[in-house]
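Numbering (this note's numbering), first residue to last: 14 to 426.
Glycine included, each C-beta is placed from N, C-alpha and C at the ideal position.
Since we're looking at a predicted model, the values are computed, not measured.
This report concerns only the one structure given below.
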Ligand code: ADP
Ligand code: ASP
Ligand code: MG
């Protein structure tokens, strides 16, 4: 008898009919004799609707209240799904983040999980019930409701799978696996049978929203195998697992596109030691992550520094930097949010040259300008104009031959 964690995203529970469809899948798992924990998101579009409501009331809503508001979406879907499962004759019980004991820190709207208690969850399972758990939410040590960041139900599912030592964590969604690129952008994208945690982590953090970045991080840490599959068909999905040698032969596993970044340029900063530290320390203290940092060659004692931050953190980043910029006498700071981050990811890149050159040439042949470049061992990212994002994704998918066969192999270069 297997213990399965099955997570269904917002698009899978977007209407009463879809909820009934999920209930039927859950029912089948029960009939196969499995013990089942189901994690659900809010009904599709609900979290966006609630966010908009909050912004209609306040331009910068209080983050604690935001979490009280946002966590309500998942309460609706667990109750409805539990009713639908019960209707099929299987005992089921809905449980909130607080009831299953997902304890987080107090960083509202992006809280981190500290502990999963799970007594209530085990009790429900021992009583032969399907546990229908609200994704995306937890409880702080002082008993405030917290949320785990957009897409956070994936993290709830993985954390429960780790705590219960489940056999597998199935993530059901509106695509039938992880593809070489977003299939909604590249129709020829190919489904991957397997992908390593490390590559999936890069792909997720660079825009492949099929999995929430922090869920992949958590799965890698606790070695939870994830299977991404469709809510609407029985096809085999994509396994996200530990790397093995055969994976290294593939140079590029996927292309990703993210339009979530804003490029900030600080002009006319004094070109002397300590300046970069002076700018980036307050940002890191404020919990703002920066990426794609470029410092231009200095001229007449001053230089420009360019970097990206998440779009929704750009205003706060400007505020945090204000005192430092005044102190250093910088000429000013400009923000550009008409850019997209286009990336290729693959563990085979670690040991092979020539990948970057092929990427840049493919973009140049299409007349697409690159504003900055960032690299890590297994990825290369370029900032380009947002309006070319989708086109550029298709261009790179083609340039690396991802449509055919098993991805670009070393001998292709
Ligand atoms: P859910 O509501 O189930 O959580 P999401 O919308 O968060 O679903 O994630 C599924 C979406 O992820 C797909 O509809 C697809 O457009 C997008 N996506 C982006 N990159 C990829 C990729 N490489 N493979 C599969 N899907 C991707
Ligand atoms: N409902 C939340 C969101 O839309 C969490 C999730 O769906 O994973 O981000
Ligand atoms: Mg999601």
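Asked                                                                                                               : Found
Residue 367 versus 112, 412, 156, 338, residue with shortest Cα-Cα distance                                         : 412
Pairwise C-alpha distance: residue 143 and residue 20                                                               : 13 Å
Sub-8 Å separation of residue 397 and residue 405 beta-carbons                                                      : yes
Boundaries of the beta strand (DSSP E) in which residue 130 is found, first to last residue                         : No beta strand (DSSP E) holds residue 130; DSSP gives it neither H nor E.
Check: residue 92 C-beta below 7 Å from any heavy atom of the ligand ASP                                            : no
Residue 149: CB within 7 Å of a non-hydrogen atom of the ligand COA                                                 : Ligands in the displayed structure: the ligand ADP, the ligand ASP and the ligand MG; the ligand COA is not one of them.
Cβ-based neighbour list, residue 224, same chain, cut-off 6 Å, excluding 5 preceding and 5 following                : 167, 217
Beta-carbon gap between residue 186 and residue 244 smaller than 8 Å                                                : yes
CB-CB length for residue 26 against residue 35, believed under 8 Å                                                  : 6 Å
Three-state class that DSSP yields for residue 463 in the structure shown                                           : Past the edges of the chain, shown from 14 to 426, lies residue 463, and the structure says nothing about it.
8 Å contact criterion, which residue 88 and residue 174 should meet: CB distance rounded                            : Rounded, the Cβ-Cβ distance is 22 Å, inconsistent with contact.
DSSP beta-bridge partners of residue 392                                                                            : 358, 389
Counterpart residues of residue 283 in DSSP-defined beta bridges                                                    : 315
Simplified DSSP state of residue 423, which is helix, strand or coil                                                : For residue 423, the predicted model reports a pLDDT of 46, less than 50, meaning its position is unreliable; a value from the coordinates is still stated below. Residue state, collapsed to three classes: helix.
Supposed contact pair residue 198 and residue 270 - C-beta distance, whole angstroms, cut 8 Å                       : 7 Å
Contacting residues, own chain, Cβ-Cβ under 7 Å from residue 28 (five flanking each side not counted)               : none
Given 8 Å, three or more beta-carbon pairs between the stretch 307-325 and the stretch 229-237                      : no
Closer than 7 Å: residue 250 CB and nearest the ligand ADP heavy atom                                               : no
When 226, 399, 24 are compared against residue 123, the one with the closest alpha-carbon                           : 226
Sequence-distant residues of the same chain with beta carbon closer than 7 Å to residue 419, five excluded per side : Only weak support is given to the placement of residue 419: the predicted model assigns it a pLDDT of 47, under 50, and the value that follows is read from those uncertain coordinates. So the list reads 263, once near-sequence residues are dropped.
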